[in-house]
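What follows is a short report on a single structure.
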Amino acid sequence: MKRMISLVAGFFGLKELSAPERKSTAEWGFLLSTLFIVPLFFMHDASELVKIGMQVLWAACVSRAAFLANGGWKKKNSDQ
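According to our numbering, the sequence shown is numbered sequentially starting from 192.
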C-alpha cells in the first residue's frame, strides 16, 4: 500500500522519483489511461460532454506517463 501511494504521489508530481520508479510509474500510468478510453467503446448513449471529458482525461494521463517515461522536463533541461 505504501508503494502504491508513493507511485501515485510521483505520478502527480508530489514526490521526486528515481529512474526505476519513474519507469514503473509510467507503465502504470499507461495502464490507468485505458480506464478513460476503453469505456468510450461501450458508452453509446453518453452525452458529448462526458465523452470529451473522458478523452481529455485520457490525453492528460497518457501525456504525463510519456513525460515520466522520458524522464520529464528536468532531465531534458539539465542535458543542455
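Note that CB positions come from ideal geometry on N, CA and C, so glycine has one too.
Note that the coordinates shown come from a computational prediction; the quantities given were computed from them, not determined experimentally.
What distance in whole Å lies between the Cβ atoms of residue j and residue i, which are believed to be in contact at a cut-off of 8 angstroms?
i: Ala-217; j: Ala-260; result: 4 angstroms
i: Cys-252; j: Leu-231; result: At roughly 14 angstroms, the Cβ-Cβ gap does not stay under 8 angstroms, so Cys-252 and Leu-231 are not in contact.
i: Leu-248; j: Phe-227; result: 5 angstroms
Find out if the Cβ-Cβ distance for the pair residue i, residue j is shorter than 8 angstroms.
i: Arg-255; j: Gly-220; result: yes
i: Ser-215; j: Lys-206; result: no
i: Arg-213; j: Gly-244; result: no
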